[in-house]
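Q: I am attaching a structure below and will ask some questions about it afterwards.
In our numbering, the protein residues as written are 33 to 184.
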């Protein structure tokens with residue numbers, strides 16, 4: 033997890049939020065990480081992160097069983113073509129049964145898959161390079177969206 037966070041921190045214009053007790057974030061977010069393109073160092077308004085790391089189950093998101101110690105999940109927003117390439121399905125048409133508790137496997141996000149989000153529980157040897165590539169691509173897509181908004 034620390035390697036992924038460090039990789040994103042190294043991207044030009046990246047903002048990595050790590051909520052904890054010292055900030056204004058809800059306690060439930062403590063221990064998680066949120067990735068934005070924000071060269072000014074401020075959380076962008078009206079923009080969702082392009083990637084996250086979560087370290088626990090959320091009330092509406094328990095399929096990956098993240099509550100046991102040493103389980104965590106990276107979540108990445110991807111384009112439609114990448115989603116289909118890695119899952120074999122369109123984001124809004126994911127119907128195949130999946131074991132969301134499996135580790136080191138690229139899967140549609142169990143809740144946000146229809147919106148183009150992929151996830152990997154405990155990335156390892158099989159998926160670490162893919163996760164880094166997807167995060168770099170998501171960062172670049174967020175940078176391009178920010179540039180388009182400035183041009184409006």
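Yeah, the Cβ is synthetic: ideal placement off N, Cα and C, and Gly gets one too.
1) Thinking C-alpha only, which one of 153, 108, 71 and 53 is nearest residue 182?
2) Less than 7 Å between the C-beta atoms of residue 87 and residue 164, yes or no?
3) According to DSSP, which residues form a beta bridge with residue 96?
4) In the stretch 116–177, which residue ranges form an unbroken alpha helix (DSSP H) of at least 4 residues, counting only runs that do not cross its ends?
5) Leaving aside the five residues before and after residue 119 along the sequence, list all residues of the same chain whose C-beta is less than 6 Å from its C-beta, in chain order.
6) Could you tell me which residues DSSP pairs with residue 113 in its beta bridges?
7) On a CA-only basis, which of 127, 154 and 172 is nearest residue 36? Give me that one, please.
8) State the beta-bridge partners of residue 52 as determined by DSSP.
A: Once the coordinates are examined:
1) Sequence index remark: in the chain shown, residue 182 carries index 150 (1-based). For residue 182, the closest C-alpha among the options 153, 108, 71 and 53 is that of 71.
2) In the chain shown, counting from the first residue as 1, residue 87 sits at position 55. In the chain shown, counting from the first residue as 1, residue 164 sits at position 132. In this structure, residue 164 does not lie closer than 7 Å to residue 87 by Cβ.
3) For this step, residue 96 is matched to residue 64 along the chain shown. DSSP output for residue 96 lists no bridge partner at all.
4) Runs found: none.
5) For the purposes of this step, residue 119 is identified with residue 87 of the chain shown, where counting begins at 1. These residues qualify, in order along the chain: 140.
6) Within the chain shown, residue 113 is the residue found at index 81, counting from 1. The partner list for residue 113 (beta bridge, DSSP) is empty, contrary to what the question assumes.
7) Within the chain shown, numbered from 1, the residue matching residue 36 stands at position 4. By alpha-carbon distance to residue 36, the top candidate from 127, 154 and 172 is 154.
8) Within the chain shown, numbered from 1, the residue matching residue 52 stands at position 20. Bridge partners of residue 52: none, in fact.
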